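S.K.: Attaching a single structure in C-alpha cells format; questions to follow.
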Amino acid sequence: MPVLEQPSDVLRQFCHGDLEAFETLFRLHQNEVYGWIVRIVRDRAAAEDLTIETFWRIHRAHARFDPGRSFGAWARRIAMNTALDYLKSARSETALPEELESPALPDPGISEEIRRKTACAFERLPPKLRIAAALALIEEQPYKEIAEALGISLSAVKVRVFRAVRCLREELRRQGVEP
Amino acid sequence: MTENEQDRVQQLLKVAMPSCAGHAERELRSDLWPAMLKRLDGAPIDVPWFDWALLGAVAVCLLFSPAAIPLLLFYL
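These protein sequences, in sequence, are chains A and B.
Each residue of the first sequence is one higher than the one before, counting from 26 in the working numbering.
Each residue of the second sequence is one higher than the one before, counting from 128 in the working numbering.
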C-alpha cells in the first residue's frame, strides 16, 4: 500500500472515494471516535459497533466532505448523531450497563440505593439531554467542545444541561430522593 | 435552581455513573479496520432513487415504442 504522506492529499483522495485514504483516516481517528461514543453510550461493545457505523456513514458521505475543513470535527459530529440515534432506539432499556466498572463511592453519604436511583433517572433522560449531561456533568468536557461536537451553540448546550439537571431532580424526587 | 442544587445533582451523577476519563474503557480493545472492511464488503449496492426512476422511464418508453430499441442500442 502506498504511503499517503500529506494529510491534505489523503483528504482529497478520500473525497474521491479512495479506499486507502479512507483506511488511513479510519486508523488515525478510530480511537478518538470510539472515545467520544463510549462516553455517551457507556457500553464498550455497543461503542465499537457504533464506531463502525459512524465510519460507514462517513464513507457513504465522502463526496460531501470539504477537504478544507477538519476531518476530526466532521467525524465527531457524525459520531454524536450515530450515538444519538442509538440512544433513541435503545430508550426502553433502563438497566445500568455493567461493562464500565464503578469506582469506590467517594461520598459515604450516598447510599447504594440512591446511586441506583440516580443511574435509573439518568437512563430515563431524553437522549439529547442525556448526551449533554454525560459530557458536561460526568465527563466534565468544556461546553465549547460539546457545542462543536453536537453542532449547536454554546447557549444551547447550557440550556440542555440545565434542563437535564431539572429533569434529573424531578425524577429523583419522584423516586423519593431529595437531591 | 441554585448552583448548589446543580452541584449536588452533578455529585450524585458522578458517583452513580463513573466517568470514562482516564479509564482503559476509552481505548479500543482492538483495531476495528477488519470489521470495517467486512461491513464495506457486505454492503448492498446503494442505487439512488433517481436512477431507478430513469430506468423505469426508459423501460416504459421502449415498451410503447419498440422501434426505438435499435436506436438505443446504436447509441449505447
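Every residue, glycine too, gets a C-beta built ideally from N, C-alpha and C.
On a predicted model such as this, the values are computed, not experimentally measured, just so you know.
Say whether chain B places a C-beta atom closer than 8 Å to the C-beta of residue 120/A.
M.R.: Position 95 of the first sequence, counted from the first residue, corresponds to residue 120/A. Annotation note: pLDDT 48 at residue 120/A (below 50); position unreliable, no value reported.
S.K.: Within the segment 166–203 of chain A, note down every full alpha helix (DSSP H) run reaching 4 residues or more, in order along the chain.
M.R.: Here the runs fully enclosed are 168–175 and 179–199.
S.K.: Name the chain A residues whose beta carbon is nearer than 9 Å to that of residue 179/B?
M.R.: Mapped onto the second sequence, residue 179/B falls at position 52. Here the premise fails: no neighbours, minimum Cβ distance about 18 Å.
S.K.: Residue 84/A versus chain B: which residues are under 8 Å apart at the beta carbon?
M.R.: Against the first sequence, residue 84/A aligns to sequence position 59. Simply 167.
S.K.: Look at residue 62/A and residue 70/A and say whether their C-beta atoms are less than 8 Å apart.
M.R.: As a working mapping, residue 62/A is identified with position 37 in the first sequence. As a working mapping, residue 70/A is identified with position 45 in the first sequence. No, Cβ-Cβ distance for residue 62/A and residue 70/A is not below 8 Å.
S.K.: For the alpha helix (DSSP H) containing residue 58/A, name the first residue and the last one.
M.R.: One-based indexing of the first sequence puts residue 58/A at position 33. Per DSSP, residue 58/A belongs to the alpha helix (DSSP H) from 44–66.
S.K.: Excluding the 5 residues flanking residue 174/A on each side, which residues of the same chain have their C-beta closer than 6 Å to its C-beta?
M.R.: Your numbering for residue 174/A matches position 149 in the first sequence. Only 101 and 105 meet the Cβ criterion.
S.K.: Any beta carbon of chain B sitting closer than 8 Å to that of residue 101/A?
M.R.: For the purposes of this step, residue 101/A is taken as the residue at position 76 of the first sequence. For residue 101/A, the answer is no, since every Cβ of chain B falls outside 8 Å of its Cβ.
S.K.: Any idea what DSSP makes of residue 145/A, helix, strand or coil?
M.R.: Counted from its first residue, the first sequence places residue 145/A at position 120. Residue 145/A falls in the helix class under three-state DSSP.
S.K.: For the putative contact between residue 188/A and residue 162/A, defined by C-beta atoms under 8 Å, what is the C-beta separation to the nearest angstrom?
M.R.: Against the first sequence, residue 188/A aligns to sequence position 163. Against the first sequence, residue 162/A aligns to sequence position 137. Actually they do not touch by this definition, with Cβ atoms about 12 Å apart.
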